[in-house]
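Worksheet: the structure to be examined is printed underneath.
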Amino acid sequence: MTGFAALHAIGKTRLEAGDPAASINPATGEEVGRFPAGGKAEAEAAIAAARRAFDTTLWPQAPRERQLALLRWADAMERDLPRLAELLTLTNGKPLAHSKGEMAGAISEVRYYAGLTRHNPGHAMEVAPGEISVMLREPIGVAGLIVPWNAPAVLLVRSLAPALAVGCSTVTKPAPQTALFTAACMAPLIDDPEVPAGVVNLVLETGHEVAETLVASPDVDVISFTGSNLVGQRIMAAAAPTMKKLSLELGGKSCCLVLDDADVEAVAPKLAAAATIISGQQCTAARRVLVHESRYAEAKAALAQALSGIRIGNGMDAATAMGPLIDARSCDAVWREIEATFEAADEVVLKGERMPGPDGSAFMSPSLVATRDDNAGFVQEEIFGPLLVIEPFADEAEAIAKANNTVYGLSASVWTNRTDAAWRLARALRDGTVWINDHNKLFAEAETGGYRRSGIGRLHGYEALMDFCELKHVYQNVGVVGG
30 MTGFAALHAI GKTRLEAGDP AASINPATGE EVGRFPAGGK AEAEAAIAAA
80 RRAFDTTLWP QAPRERQLAL LRWADAMERD LPRLAELLTL TNGKPLAHSK
130 GEMAGAISEV RYYAGLTRHN PGHAMEVAPG EISVMLREPI GVAGLIVPWN
180 APAVLLVRSL APALAVGCST VTKPAPQTAL FTAACMAPLI DDPEVPAGVV
230 NLVLETGHEV AETLVASPDV DVISFTGSNL VGQRIMAAAA PTMKKLSLEL
280 GGKSCCLVLD DADVEAVAPK LAAAATIISG QQCTAARRVL VHESRYAEAK
330 AALAQALSGI RIGNGMDAAT AMGPLIDARS CDAVWREIEA TFEAADEVVL
380 KGERMPGPDG SAFMSPSLVA TRDDNAGFVQ EEIFGPLLVI EPFADEAEAI
430 AKANNTVYGL SASVWTNRTD AAWRLARALR DGTVWINDHN KLFAEAETGG
480 YRRSGIGRLH GYEALMDFCE LKHVYQNVGV VGG
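Positions in the sequence shown are counted from 1; adding 29 to them yields this note's numbering.
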């Protein structure tokens, strides 16, 4: 289902209007397929359908039916995993093995939330003799989900699955680069005859009208968005008049702290992989490596060697470890930012390049720069591509001060064989996730989210349900026996 006609076959989507838009393979510049690009009218129709479904059907009160719907969706995606993974690679560019892994993770997460569908309890207490207070977790209503292109399967599921699990109705707006994939991924759920019409809506676009309509609409009760800090700020401002709930995972500038006892030769390839995951286009990707000064020279050499050895190519090639960036326009913009760091850094340890390829392709090789200035612009700003910055530190106090000198707080990692030091640093870092001797370990059971400008709320895990719930207090004085 990679073409315009196939999308029209999806029964309950809001896709019937709009001009066909092309989906481009960033590895080849070739057209993968076309999708109908909607706008404000399609968004308003989808919101109205979601509102009716929430207000007039039993979906919000039917956890067993919701569980079965999620399980059917997971089973359908699993049956179609090879085709979906291939479509993910064709539209996103990541290596096929990574796409298969992402699909497996997304399917696992749908099943995780299917389990939680029947376990979203509140609590009750007797606050005084005969006075009963019951706290209920209720679905908030209509959820608007704005999904990015970098991990479109997992990032779709981690908002759509908990929203449906608690009983919300939904409108999903994917990024245009991976719209074909999202439509194919959601098709079994949208077509499910047991899911009431209007509960699941999908609107595709190439611009911003749909997203803007979702954010501003008084009939949308919560917005879940993953993306840049700047867009997150705009969403907060646009949502303010309606006071809707927000779940935002925004930018990051992940620091990796390498202590003096770490095995640098063993750690370097892991950090290189963490820096180049999705070609550096992941919010939790390794951005800064802080190394004890006694291992600084060794770490520079090891990281440069590890990064230069990464095999770059078409994601459909089994030997590829890093694919292209998402599109040629983004690649050009990121390359301009990286070129500027070559002028500003203390040392260019590994100078990447904007690689040649077919017209419309978006290949770039990794870069490594060194600096002692943790206030430098390229240290402070999120650059969404394969750029790694290495910095020295003298002791734990300086490492913490440098790592926390940022407006972000999404993730970090600590690399050491000393458990006490690892936990001291993990507790001192102002980040929502800290990995010890690993990086980018994300899974359904563990909540993720950021401190400071890296976001609001939590996704994955049990706590993600609360992003799509309201907490209601019901009180009654029932009296006491003999009172």
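Where is the CB? At the ideal position from N, CA and C, for every residue including glycine. Since the model is a prediction, treat every value here as computed from it, not as a measurement.
- Put simply, the stretch 449-457 does not touch the stretch 336-348. Fewer than three CB pairs are less than 8 Å apart.
- Per the Cβ contact rule, the stretch 269-276 is not in contact with the stretch 318-333 (fewer than 3 Cβ pairs under 8 Å).
- Here tyrosine 504 is bridged, per DSSP, to Ser162.
- DSSP places lysine 380 in the coil class of the three-state scheme, outside both helix and strand.
- Between the alpha carbons of alanine 369 and glutamate 376 lies a distance of about 13 Å.
- Within the model, the alpha-carbon separation for proline 385 versus leucine 454 is close to 42 Å.
- Judged by DSSP secondary structure, tryptophan 88 falls outside any beta strand (DSSP E); it is assigned neither H nor E.
- In the assembly as shown, asparagine 506 is an exposed residue. Its beta-carbon has fewer than 16 other beta-carbons within 10 Å.
- The count of Cβ pairs closer than 8 Å, one atom from the stretch 195-209 and one from the stretch 165-178, reaches three, so the stretches are in contact.
- In the DSSP assignment, serine 396 forms a beta bridge with Leu416.
- For glutamine 310, same chain residues with a beta-carbon under 6 Å away, outside a window of 5 residues either side, are Asn179 and Phe413 in chain order.
- By the 16-neighbour rule on beta-carbons within 10 angstroms, asparagine 404 is exposed.
- Alanine 82 places its beta carbon less than 8 Å from that of glycine 227.
- In the DSSP annotation of this structure, arginine 481 is not part of any beta strand (DSSP E), being labelled neither H nor E.
- When only Cα atoms are considered, alanine 266 and aspartate 84 end up about 27 Å apart.
- Per DSSP, serine 246 is not a residue of any alpha helix (DSSP H), being assigned neither H nor E.
- According to the DSSP secondary-structure assignment, glycine 227 is paired through a beta bridge with no residue.
- Contact check for alanine 204 and valine 176: beta-carbon distance about 7 Å, within the 8 Å limit, so the pair qualifies.
- Pairwise C-beta distances place the stretch 458-474 out of contact with the stretch 111-122, as fewer than three of them are shorter than 8 Å.
- Per the coordinates, the alpha-carbon of isoleucine 341 lies some 26 Å from the alpha-carbon of phenylalanine 472.
- Take proline 298, set aside five residues on each side of it, and the residues of its chain with a beta-carbon closer than 7 Å to its own are Ala335, in chain order.
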